[in-house]
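Structure first, commentary second.
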Amino acid sequence: MRYESPTTVAEAVELLGSEPHARVYAGATDLIPQIRSGRPEPTVMVDLKHIDRLCAITSTAAGFTVGAAAPTADICADGALAAEFPGLVEASGLIGSDQIQNRSSWGGNLANASPAADTPPSLVANCARAVIAGPDGERTVLAAEVATGPGRTSLTPGEFIVEFELDRPPARTADAYLRLTPRTEMDIAVVGAAVRISLDAQGRVADAAVALGAVAPTVVRVADAEAALIGREPAGDALAAVEAAAAAAADPIDDKRGTVAYRRQVAGVLARRAVATAAERAAEPQRGDRP
Amino acid sequence: MTITEANPGYKGYKYVGTRLIRPDGLEKVTGKARFAADLNLAGQLHGAVVRSPHAHARIVSIDTSRAEAMPGVKSVITGDDFPSVDPGHRQYDMCVNIIARDKVFYEGHAVAAVAASTLEQARAAAAAVEVEYEALQAVLTIDEAMADDAPVLHSHMLTRGAEPPAEAPSNVASVTRFSGGDLEAGFAEADFVVEREFSTKPVHQGYIEPHACVADTGQDGHTTIWCSSQGHFNVRSSTATLLGWENTRIKVVPAEIGGGFGGKTTIYLEPLAAALSSQAGRPVKMVMTRSEVFRATGPAPCAKIRVKFGARSDGAIVAADAHLIYSNGAYQGAGGMLGAMTVFESYKIPNFAVEALDVVVNTARSAAYRAPAAPLTAFATETVLDEIAEELGIDAMDLRLKNAVKEGDPSTMGFPLARVGFAECLEAIRSHPHFSAPLGPNQGRGLAAGYWFNIGESSSAIVNLNEDGTATVVTGSPDIGGSRASMALMAAEELGIDPHDIRPVVGDTEAVGFTDITEGSRATFATGRAVVEACRNMVIELRGRAATMMEAEVGDIDWVDGHAVYTGDGDSEGKEPLSLAVIAGKAKRTGGPLTATGSLEAHGAGPSFTVHLCDVEVDPETGVVSIVRYTAAQDAGTAIHPSYVEGQIQGGVAQGVGWALNEEYIYDSDGVMENPGFLDYRVPVASDLPMIDAVIVEVPNPAHPYGVRGVGEAGIVPPIPAVANAIHSATGCRIRDLPMSPVRVLEAITAAGARANGG
Amino acid sequence: MTRVHVTCTINGDPAEFLCDGGQTLLDALRDEVGLTGVKEGCGTGDCGACSVMMDGRLLCSCLVLAAEAEGSDVSTVEGMASGDELHPLQQCFLEGAALQCGICTPGFLVAAEALLERNPDPTETEVRYALAGNLCRCTGYDKIVRSVMAAARSINAGAGSGH
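Protein chains in written order, with this note's numbering: chain A, -8 to 282; chain B, 29 to 787; chain C, 1341 to 1503.
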């Protein structure tokens, strides 16, 4: 196995195109255990972490650009990002230990395509876009379109995610992410729920995104929950409707981490709680009308 | 470099009871300590094991030719390379577990092993060993094992203890029965009778250090093995048995051991490494992966338990009946028998009966795990006692105090108890601020007691005085939790010298007398006694040397605080006290080197009782249980080193909490473990636990010179029922199946809600 | 197989070693450099026994390819003490009996040092969450957490007296 550390996207594209068994090497927190457990070894590991664009976290006029390999530890330490996307940053901070946090990234978390990954529901709820580079140049797609099933993505051979783009949230908007794990840390989500809420000046929900993780092959947007919130105060019956809709939208499996019944029930609970948290944050004075 | 040590001695002891910096500590905080996997020898090969993918299969053939031809491969072995072993042999199970012969009995069962120049080459060659299996139906659960038409794992297995004697083989290895009084009359006397069933899953000891060893066999056939084990003399004899060698061909050097908890009381790799090394003529290192540790080394047995208790309205337990079935994995084990010895041991019950079955299934052979079997029987007994207390309107603490065993009460097996500290532990918890602290919303509090009998066994020690008055204490007990510090403290107390002037050493199998495995919480008790005996023999010698130096009768010399003191009636001129250092310095002129030994079969280990109090908070919508406060009182007899007594208690609690809440082996329908890693086998992490308040109760054990009772195991016994009782207190739900995971807790809460709503 | 030549800094000293392309930093540190204080407990990043610092970041060395260490600054438990002075964490672990078997201790010390550099005065909860990636099966964490907090106090007291 060869190890390469290109410093530009173009070099990385070329390396990945040079051999059929080249692999993207970023945090490698899943890749190395997979190889150790007997999966075929790639012939070349292309380390993307020496490419500035892939590690940068940049605040732009329109919002943020976050490198696909930027360590989640850096994401969590970025106060400006956390102020605008508290839920997405919380989700980022839940991936593994401090040790893992120095390696894990949004790009890896999304491209690994585990149904239980923590950041994809929040990326989806925030309508993040993924900039993808490959032999045919760069293209930009919604983060929601990257994972297509467990371990499967829409990335074609030689492609990799360069960075994510996030639009600055409108006024009175905030997100939240909650997940259920048996332990407090070092666990994989049994259920994850990401919510983004925009309130109108009267405190009613103007816009809502509810996305669930670990309850289907890919992230599930819960349209019924979103519809139940629009135009209503995020409380009481509206929350009950969110809970019911999320439980109904969950289409989980029984596995070593949870049962179908449990995941359905808890998907509803977490979605409801995440809506309440996101709405509370959206109502905070600092998220009021922008000048 | 100054290291401060807290706490002066107490109870009149100068050193016993102080918090000595452990002698092996510096090496462990600087990364210098050598664990087995840290050793590398010149010319060393690396071994890898070929493991069965089937839970139950007949081995049709093994073809090693392709593996042997691969680059770097120096030796390949299979079961055929070991002497055949008769099923009647005392260690038959161990022998065929280490390397399968005609059948494999669980997924991960070793069938062959390879040594090659590099680990990668060894693994590649192991993958190239071609094994043809004839798959057999796997028996994975107790119910499957005991079904009428169940495939029988071992055709030689006739149930031991069966009445009438078993004629046909079955998966029931043994039956154990104890009884006392008149059960029927006892239940007739009861005002309240309750019968409950419990079930549990296998759990792993979870030591962080995977099994590892290096074996080096010379061309003369002599082998040295460096390994991580709880008992290197056992490694020697077991390896010799498997290979058909004499003990003298093998020297076992104990490396530092990275946790055992019972799981390293048996062996897996050492005979394979020795055989590979013998064939290759080179040292062979073998280290398990974490996955191998989970799949192929000792989980603790799981069990199905049914208990029935009868109580009078005043709270007196008058009758109890227990039916225990323990699954010990692929070979016979003692889970059920140990369960029978612990299920009713904490309470004085005039009429009782216990029947315990040990069964075999197609999962990894179980091994000991800290107070083996007792956490599960405590789960049953201590949660049912809580129910009785609730039903009778008696405080759970009062109910236990009323029925607690005390000195002179007969055990389940009929022997009278020596002095024990159960009531003292109950009182320690009752008077602790935790007992009356307020609880928050969704919080509950659980009380539970635990018992472990502890064992003695054989130990040896040598004390050598150096010419400058320092001492070396050699024992044969691997130090798995700070025992070297305890040995130094006891030796210091006996000899009257500073413990920093004593170097405690764990000797290899050729450096010290036979010593049994560090198990049954016996090291500080039994090996401690051997050290004390060696020191007392040394003091006799020192008094004799002093008598020579003073020209006095030895009977007129006492040993006081590290000095030989003349106490005779004669002229004391020229008979000033002589320090140990002075006597040691003159040893050449008074009879030569000063060395003394102690060796014994220790009896009177003295049971350890413990009482735990646990507060939980339960999320009623998700079933997630958080441990918010935990207090554990345990009778240590006398705490030689309080920090490490507390550490044993706290460690036991953490393991017990893990067992209670989230740890379990998960198998697929073919018997393949689905969670052989620390990601999905969920041992508690630091953020899962609060501080664990360890209260040391000291009711000295009359059978130890300082009153020691073993403390290593009892701490794991009460956490499961303490957590279960706390969950009940918080939610009203009684959970009787382990683990009490969020899924299971939420199911219970949801079902209770449905019942309350008239469902 | 061509081996990779890696030049880096280990525990403050220039170092170089050869490794295989697929070899982890853990294996290279243990087998090529001889730093066996770095332990393997799981090989999957779930136990933290192999924790090291690389370029100021706390990592599980079992999840890093050794080749990636080229040009980097690596530190391990072997580099914590300076001369005959133990690091306050090492000192407090000894005094606080924060180790039993000792196999997890190097990883805990490295992770705790990383924590205290980032957060010199952590609360108990912060210590527990920061060390959640390090498994200990012996101690129940109580004495480890107390010892880390004692070390923080000791370091802060030392820093205070220096001014």
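Even glycine gets a Cβ: it sits at the ideal position worked out from N, Cα and C.
Chain B contact for Gly249(A) (CB, 7 Å cutoff): The residue given as residue 249(A) occupies position 258 in the first sequence. True, the Cβ-Cβ gap to chain B drops below 7 Å.
DSSP state of Gly478(B) mapped onto helix, strand, coil: Here residue 478(B) is taken as the residue at index 450 of the second sequence, counted from 1. Assignment of Gly478(B) by DSSP, reduced to helix, strand and coil, places it in the strand class.
Residue of Arg120(A), Thr144(A), Arg(-7)(A), Glu75(A) minimising C-alpha distance to Thr1364(C): Position 24 of the third sequence holds residue 1364(C). With distances taken between Cα atoms, Thr1364(C) lies closest to Arg(-7)(A).
Contact set between the segment 1430 to 1462 of chain C and chain A, restricted to residues whose Cβ is under 8 Å from the partner: Ala1451, Ala1454, Leu1455
Cβ pair Ala138(B), Ser256(B) closer than 7 Å: Working through the second sequence from its first residue, we reach residue 138(B) at position 110. Working through the second sequence from its first residue, we reach residue 256(B) at position 228. The answer is no: Cβ separation not under 7 Å.
C-beta neighbour in chain C for Phe706(B), strict 7 Å: Locating residue 706(B) in the second sequence gives position 678, counting from the first residue. It does: the Cβ of Phe706(B) has a partner Cβ on chain C nearer than 7 Å.
Coarse secondary structure for Cys1444(C), derived from DSSP in three states: Taking the first residue of the third sequence as position 1, residue 1444(C) is located at position 104. Residue state, collapsed to three classes: coil.
7 Å CB neighbourhood of Glu435(B) in its chain, flanking five on each side removed: Translated into the one-based positions of the second sequence, residue 435(B) becomes position 407. Answer for Glu435(B): Leu445, Ala446, Arg447, Val448, listed in chain order.
Arg311(B) to Ala303(B) span [Cα, whole Å]: Counting from 1 along the second sequence, the entry for residue 311(B) is found at position 283. Counting from 1 along the second sequence, the entry for residue 303(B) is found at position 275. Before going further, note that residue 311(B) is Pro rather than Arg in the sequence given. The straight-line gap from Cα to Cα measures roughly 10 Å.
Reduced DSSP category for Cys642(B) - H, G, I as helix; E, B as strand; rest coil: For the purposes of this step, residue 642(B) is taken as the residue at position 614 of the second sequence. Residue state, collapsed to three classes: strand.
Whether Asn1346(C) touches Gly1377(C) by CB criterion (7 Å): Taking the first residue of the third sequence as position 1, residue 1346(C) is located at position 6. Taking the first residue of the third sequence as position 1, residue 1377(C) is located at position 37. Note on identity: in this sequence residue 1346(C) is Val, with Asn being the wrong assignment. The answer is no: Cβ separation not under 7 Å.
Span of the beta strand (DSSP E) around Ser145(B): By one-based count along the second sequence, residue 145(B) stands at place 117. Neither: Ser145(B) is in no beta strand (DSSP E) and is coded neither H nor E.
Cross-strand partners of His74(B) (DSSP beta bridge): Position 46 of the second sequence holds residue 74(B). Partner(s): Ala144(B), Lys313(B).
Distance CB(Ser654(B))-CB(Arg473(B)) smaller than 7 Å: Counting from one through the second sequence, the residue named residue 654(B) turns up at place 626. Counting from one through the second sequence, the residue named residue 473(B) turns up at place 445. Their beta carbons are not under 7 Å apart, which means Ser654(B) does not touch Arg473(B) by this criterion.
Residue from Cys1382(C), Asn1496(C), Leu1405(C), Cys1387(C) whose Cα sits closest to the Cα of Leu1358(C): Your numbering for residue 1358(C) matches position 18 in the third sequence. Minimum Cα distance to Leu1358(C) is reached at Leu1405(C).
Which residues DSSP lists as bridging Ala381(B), in chain order: If you number the second sequence from 1, residue 381(B) lands on position 353. According to the DSSP secondary-structure assignment, Ala381(B) is paired through a beta bridge with Ser207(B), Asp349(B).
Local Cβ density within 10 Å of Asp114(B), reported as buried at 16 or more and exposed below that: Start at 1 with the first residue of the second sequence, and residue 114(B) comes out as number 86. Of the other Cβ atoms in all chains shown, fewer than 16 fall within 10 Å of the Cβ of Asp114(B); this residue is therefore exposed.
Cross-chain neighbours of Val257(A) in chain B, by beta carbon under 7 Å: Walking along the first sequence from the start, residue 257(A) turns up at place 266. Within 7 Å Cβ-Cβ: Thr650.
Positions along the segment 347 to 358 of chain B whose CB lies within less than 8 Å of some CB in chain C: none
Residue of Ala368(B), Val534(B), Thr204(B) minimising C-alpha distance to Pro51(B): Residue numbering aside, residue 51(B) sits at position 23 when the second sequence is read from its first letter. When only C-alpha atoms are compared, the closest one is Val534(B).
Closest by C-alpha distance to Val78(B), when choosing among Asp121(B), Cys123(B), Glu55(B), Glu158(B): Position 50 of the second sequence, counted from the first residue, corresponds to residue 78(B). Ranked by Cα distance from Val78(B), the options Asp121(B), Cys123(B), Glu55(B), Glu158(B) are led by Glu158(B).
Glu135(B) classed as buried or exposed, judged by whether at least 16 other C-beta atoms fall within 10 angstroms: Taking the first residue of the second sequence as 1, we reach residue 135(B) at position 107. Burial call: buried.
Rounded straight-line distance, which links the Cα of Glu702(B) to that of Lys332(B): Taking the first residue of the second sequence as position 1, residue 332(B) is located at position 304. Taking the first residue of the second sequence as position 1, residue 702(B) is located at position 674. The straight-line gap from Cα to Cα measures roughly 22 Å.
Asn785(B), buried or exposed, once every other Cβ within 10 Å from all chains shown has been counted against 16: To locate residue 785(B), count along the second sequence from 1; it is residue 757. It is exposed - the Cβ of Asn785(B) has fewer than 16 other Cβ atoms within 10 Å.
Pairwise C-alpha distance: Glu775(B) and Val639(B): On the second sequence, residue 639(B) is found 611 positions in, with the first residue counted as 1. On the second sequence, residue 775(B) is found 747 positions in, with the first residue counted as 1. Spanning the two alpha carbons is a distance of roughly 29 Å.
As assigned by DSSP and simplified to three states, the class of Pro461(B): Residue mapping note: residue 461(B) aligns to position 433 of the second sequence, counting from 1. Note: Pro461(B) maps to helix in three-state DSSP.
Own chain residues within Cβ distance below 7 Å of Ala258(A), not counting five before or after: Along the first sequence, read from residue 1 onward, the residue named residue 258(A) stands at position 267. Counting only Cβ-Cβ distances below 7 Å, and skipping sequence neighbours, we find Val182, Ala184, Leu203, Val206, Ala237, Ala238, Ala241.
Distance, Cys1432(C) Cα to Arg1493(C) Cα: Here residue 1493(C) is taken as the residue at index 153 of the third sequence, counted from 1. Here residue 1432(C) is taken as the residue at index 92 of the third sequence, counted from 1. For Arg1493(C) and Cys1432(C), the distance between alpha carbons rounds to 10 Å.
Contact between the segment 607 to 616 of chain B and the segment 688 to 708 of chain B (3+ Cβ pairs under 8 Å): no
Classification of Glu629(B) by the beta-carbon crowding that lies within 10 angstroms, buried from 16 upward: Position 601 of the second sequence, counted from the start, is the residue given in the question as residue 629(B). The residue in question, Glu629(B), is exposed, as its Cβ has fewer than 16 Cβ neighbours within 10 Å.
Partners in chain A for Asn1384(C), counting only beta-carbon separations shorter than 7 Å: For the purposes of this step, residue 1384(C) is taken as the residue at position 44 of the third sequence. The residue asked about is misnamed: residue 1384(C) is Thr in this sequence, not Asn. By Cβ distance, chain A contributes Pro24.
Within-7 Å CB hit, Val1344(C) to chain B: Along the third sequence, read from residue 1 onward, the residue named residue 1344(C) stands at position 4. No, Val1344(C) does not count as interfacial toward chain B.
Cβ of Gly1502(C) within 7 Å of any chain B Cβ: On the third sequence, residue 1502(C) is found 162 positions in, with the first residue counted as 1. Any reading at Gly1502(C) must be qualified, since the residue scores a pLDDT of 44, below 50, and its modelled position is unreliable; no value is offered.
Nonlocal neighbours in the same chain, by C-beta distance under 6 Å from Ser(-4)(A), ignoring five residues either side: Taking the first sequence and counting its residues from 1, the one referred to as residue -4(A) is at position 5. Here Ser(-4)(A) has Asp38, His41 as same chain residues with Cβ atoms under 6 Å from its own Cβ, once five neighbours each way along the sequence are excluded.
Identity of the residues DSSP links to Ser654(B) by a beta bridge: Position 626 of the second sequence holds residue 654(B). Glu645(B), per the DSSP bridge assignment.
Within-7 Å CB hit, Thr175(A) to chain B: Here residue 175(A) refers to the residue found at position 184 of the first sequence. By this cut-off, Thr175(A) is an interface position.
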